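Here the structure comes first, spelled out in structure tokens, and everything after it is commentary.
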Amino acid sequence: MKLLFSSVVIFFFVCQVKAQVVSAEFVKLDSLGGAFKELNKSLKKAKETNNSYGIALAHYKLAIFCKNNNAYTEALHQNNEALVLLQSKKDTLVVNVLNQIGALHLELKNYNYAKDYFAKAITQATTLKDSLALAFSTSNLGSCFEKQHKYAEALNYQNKSLKLYKQLNNSSGLAIVNENIGSIYEDLEDYKLAKYFFEKALAYAKNSKEARLANIYNNLGDVYRKTDNLTKGLEFTKKSLKSAIKTNSSADVASAYKDLSKNYNLQGDYKKAHSYLQLFVVLDTKNSKQQNTNQASALQHIYNSKEKESQIAYLLQVNKVNRAQNIILVILVVTVLALSLIWFMYVQKKRRHSRKEQDYEQQLLKAKLDKKQAEEKTLQKEVYIKTAALSRYSLHLSQKNKMLSNLSLTLKNSLQRSNIDLKRKLKTLIKEIDFNLSQEKEWDEFMLFFKEIHPSFITKISAAAHCKLSPAELRLCILLKLNLSSKEIASILRLTPDSVRVSRYRLRKKLPINAKEELGAYLTTF
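Read in this note's numbering, the sequence shown has 569 at position 368, and its numbers run on one by one without any break.
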């Protein structure tokens, strides 16, 4: 029975609230047209007097009207019109316009644009030495960082703003900034600090409008609810609802309903929780519809105004257009005929040129093709000559090393003879032969010759190897690439054939080669 009585009380209370809110919304809707007409009239008067500052101010006021009615695109347009007129002026209105544009971008979640305009507002306010405008702009930039969840930057700018408001002893600004800081700490789930700053905001806002109080009460109710102090949370949420009703703020009333539903749900009073949730859903739906209605109405007034301006401008131009049309028509006909004749002559001339160009291009292509074929033949001949020369050079190295090795061995055997003078001369000769065998000059010349024919071989084989190839292994790769036998390779590298076989085996291990594939055949692919 008690629960039924509570539900009935809530129902009648809500009906009363709905009646107040809906009534206020109809009054607001009726006044939209009048407000827009007055603002538009102010703009026309300013334009008639050619007062650039007055025109900018009128655009700024129209922008506020558009923003309040969710016509954001038109609001941006009006603000930009004002900003263009105020470019060369040093006035607080410039700061206000920049903040207004930043707020619009913040509402549209264009955070980077919003930050840019708030930063410009800070620069302008600093230049003007306007502490109040600077405090307001700095707080706005902090709010932008909060929306991006960049809480360190947000706190930094809000604290700067707080310091400025303290110096100005501005209680309204202090209430707003303390509430903003509390909101940041609430996002960070530091409810103790959030509560501290919300209470400070409430202390500064005691003499403020009920709309500000409703918001602070709502935030305190949230903090107490989130820290499980449901009784205290319920108390502040009800205060928020009461303040919202006084100001006919349907959005704040809906928010209070939602928070009351959450609180009762946590208390286990699901009946009341459900009732308030239903009230929230109904009022939120109405708010959305009303918002759309206001937006449509504002846009319609804007459209009607622009349409009238367009019609006036059109009528002023009609006579000029009518006079000009006949002249333009005659000129157009003459121009078309002249252009047709010119075009016909141009096409004929172009066709003749096109035929000549095609003939010339064919001759040129044939000449280029003949030249390219001749160059290819020359290059093939050069490669063949260089390959043959390289093979002869490698064979020469092999034969020279073999001859010198045999000669060195013969001379060493001759040392066994008893002739002392002969031994001394033979030793000198052996040293010279051995020194000649150890020289790298001929190998360097051989490498230069090889790189001319196969410039990318060493780079490619090094890249293909599993691990780094030693200089000796690279030499072995080069000689195998030239298709030399193991005996010839042994002679050039001054190794035994067995050593060459071992070196080939080790080299094979370092290369990505199939077991059945020949090493020499694999190297010829590079």
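Glycine included, every Cβ here is placed at the ideal spot set by N, Cα and C. This one's a predicted model, so the numbers in the text were calculated from it and none came from an experiment.
1. Would DSSP call residue 252 helix, strand or coil?
2. In chain order, what residues of the same chain have a beta carbon less than 6 Å from the beta carbon of residue 704, not counting five sequence neighbours either side?
3. Please check the pair residue 417 and residue 403, which I expect to be a contact at CB under 8 Å, by giving their CB distance rounded to whole angstroms.
4. Starting from residue 278, follow the alpha helix (DSSP H) in both directions and report where the run begins and ends.
5. Once the 5 residues before and after residue 342 are set aside, which same chain residues still bring their CB inside 7 Å of it?
6. In chain order, what residues of the same chain lie with their CB nearer than 8 Å to the CB of residue 691, ignoring the 5 residues before and after it?
7. Can you give me the start and stop residues for the alpha helix (DSSP H) that residue 297 sits inside?
8. Does residue 645 pass the burial test, meaning 16 or more other C-beta atoms within 10 Å, or should it be called exposed?
9. Residues in its own chain within less than 8 Å of residue 400 by CB, not counting five upstream and five downstream?
10. Would you tell me roughly how many angstroms separate the C-alpha atoms of residue 391 and residue 289, rounded to the nearest one?
11. In terms of residues, what are the limits of the alpha helix (DSSP H) holding residue 694?
12. Verify whether the separation of the beta carbon atoms of residue 674 and residue 708 is less than 8 Å.
13. Look up residue 389 in the DSSP assignment and say whether it is helix, strand or coil.
14. Check whether the Cβ atoms of residue 367 and residue 339 lie closer than 8 Å to each other.
15. Runs of 4 residues minimum, wholly inside the stretch 430 to 503: which ones carry the alpha helix (DSSP H) assignment?
16. For residue 713, name the three-state secondary structure that DSSP assigns.
17. Given a cut-off of 8 Å, decide if residue 457 and residue 438 are closer than it, judged by their beta-carbon atoms.
18. Can you name the start and end residues of the alpha helix (DSSP H) that residue 672 belongs to?
19. Helix, strand or coil, according to DSSP, for residue 651 in the structure here?
20. Look at the Cβ atom of residue 463, then the Cβ atom of residue 413, and state whether they are nearer than 8 Å.
21. What whole-angstrom Cβ distance do residue 525 and residue 484 have, given they're in contact under 8 Å?
22. Between the C-alpha atoms of residue 332 and residue 365, what's the straight-line distance to the nearest angstrom?
23. What did DSSP end up calling residue 327 once you bin it into helix, strand or coil?
24. Does residue 560 pass the burial test, meaning 16 or more other C-beta atoms within 10 Å, or should it be called exposed?
25. What would DSSP say about residue 260, mapped onto helix, strand or coil?
26. So what does DSSP say about residue 630, is it helix, strand or coil?
27. Below 8 Å between beta carbons: does that hold for residue 261 and residue 298?
28. For residue 718, does the three-state DSSP call read helix, strand or coil?
A quick look at the data gives this:
1. As a position in the sequence shown, residue 252 is number 51, starting the count at 1. Coil at residue 252, not helix or strand.
2. Reading the sequence shown from its first residue, position 503 is the one you call residue 704. Correct list, in chain order: 677.
3. As a position in the sequence shown, residue 417 is number 216, starting the count at 1. As a position in the sequence shown, residue 403 is number 202, starting the count at 1. Correct: roughly 5 Å between the Cβ atoms.
4. Here residue 278 is taken as the residue at index 77 of the sequence shown, counted from 1. Counting along the chain, the alpha helix (DSSP H) containing residue 278 begins and ends at 273 to 286.
5. On the sequence shown, residue 342 is found 141 positions in, with the first residue counted as 1. Cβ within range, chain order: 316, 319, 320, 323, 358.
6. By 1-based counting over the sequence shown, the position of residue 691 is 490. Hits under 8 Å: 697, 698, 700, 701.
7. Locating residue 297 in the sequence shown gives position 96, counting from the first residue. From DSSP, the alpha helix (DSSP H) with residue 297 extends over 293 to 308.
8. Your numbering for residue 645 matches position 444 in the sequence shown. Exposed is the label assigned to residue 645, since fewer than 16 other Cβ atoms lie within 10 Å of its Cβ.
9. Along the sequence shown, read from residue 1 onward, the residue named residue 400 stands at position 199. Correct list, in chain order: 421.
10. Position 190 of the sequence shown holds residue 391. Position 88 of the sequence shown holds residue 289. Our two residues, residue 391 and residue 289, have alpha carbons roughly 46 Å apart in a direct line.
11. Residue 694 sits at position 493 when you count from the first residue of the sequence shown. 687 to 694 is the span of the alpha helix (DSSP H), which, as asked, contains residue 694.
12. Here residue 674 corresponds to residue number 473 of the sequence shown, with the count starting at 1. Here residue 708 corresponds to residue number 507 of the sequence shown, with the count starting at 1. Cβ distance < 8 Å, so residue 674 and residue 708 count as in contact.
13. Taking the sequence shown and counting its residues from 1, the one referred to as residue 389 is at position 188. Correct three-state label for residue 389: coil.
14. If you number the sequence shown from 1, residue 367 lands on position 166. If you number the sequence shown from 1, residue 339 lands on position 138. It is not a contact, given that the beta carbons lie outside the stated cut-off.
15. With a minimum length of 4 residues, the continuous alpha helix (DSSP H) runs that stay inside the stretch 430 to 503 are 431 to 447, 451 to 468.
16. Start at 1 with the first residue of the sequence shown, and residue 713 comes out as number 512. Looking at residue 713 - three-state DSSP - the assignment turns out to be coil, as it is neither helix nor strand.
17. As a first step, residue 438 must be located in the sequence shown, where it is residue number 237. As a first step, residue 457 must be located in the sequence shown, where it is residue number 256. Yes, Cβ-Cβ distance for residue 438 and residue 457 is below 8 Å.
18. Translated into positions along the sequence shown, residue 672 becomes position 471. Where residue 672 is concerned, the enclosing alpha helix (DSSP H) stretches over 672 to 682.
19. Taking the first residue of the sequence shown as position 1, residue 651 is located at position 450. Look at residue 651 here: in three-state DSSP terms it is helix.
20. Along the sequence shown, read from residue 1 onward, the residue named residue 463 stands at position 262. Along the sequence shown, read from residue 1 onward, the residue named residue 413 stands at position 212. No, the pair does not count as a contact, with Cβ atoms beyond the cut-off.
21. Along the sequence shown, read from residue 1 onward, the residue named residue 525 stands at position 324. Along the sequence shown, read from residue 1 onward, the residue named residue 484 stands at position 283. That pair is no contact at about 59 Å.
22. Working through the sequence shown from its first residue, we reach residue 332 at position 131. Working through the sequence shown from its first residue, we reach residue 365 at position 164. In this structure, the alpha-carbon of residue 332 lies about 7 Å from that of residue 365.
23. In the sequence shown, the residue the question calls residue 327 occupies position 126. Judged by DSSP in its simplified three-state form, residue 327 adopts helix.
24. By one-based count along the sequence shown, residue 560 stands at place 359. Note on residue 560: under 16 other CB atoms within 10 angstroms of its CB, so exposed under the neighbour-count rule.
25. Reading the sequence shown from its first residue, position 59 is the one you call residue 260. In the structure shown, residue 260 falls within a helical segment according to DSSP collapsed to helix, strand and coil.
26. The residue given as residue 630 occupies position 429 in the sequence shown. Three-state result, residue 630: helix.
27. Position 60 of the sequence shown, counted from the first residue, corresponds to residue 261. Position 97 of the sequence shown, counted from the first residue, corresponds to residue 298. Yes, the pair counts as a contact, with Cβ atoms nearer than the cut-off.
28. The residue labelled residue 718 in the question sits at position 517 within the sequence shown. Judged by DSSP in its simplified three-state form, residue 718 adopts coil rather than helix or strand.
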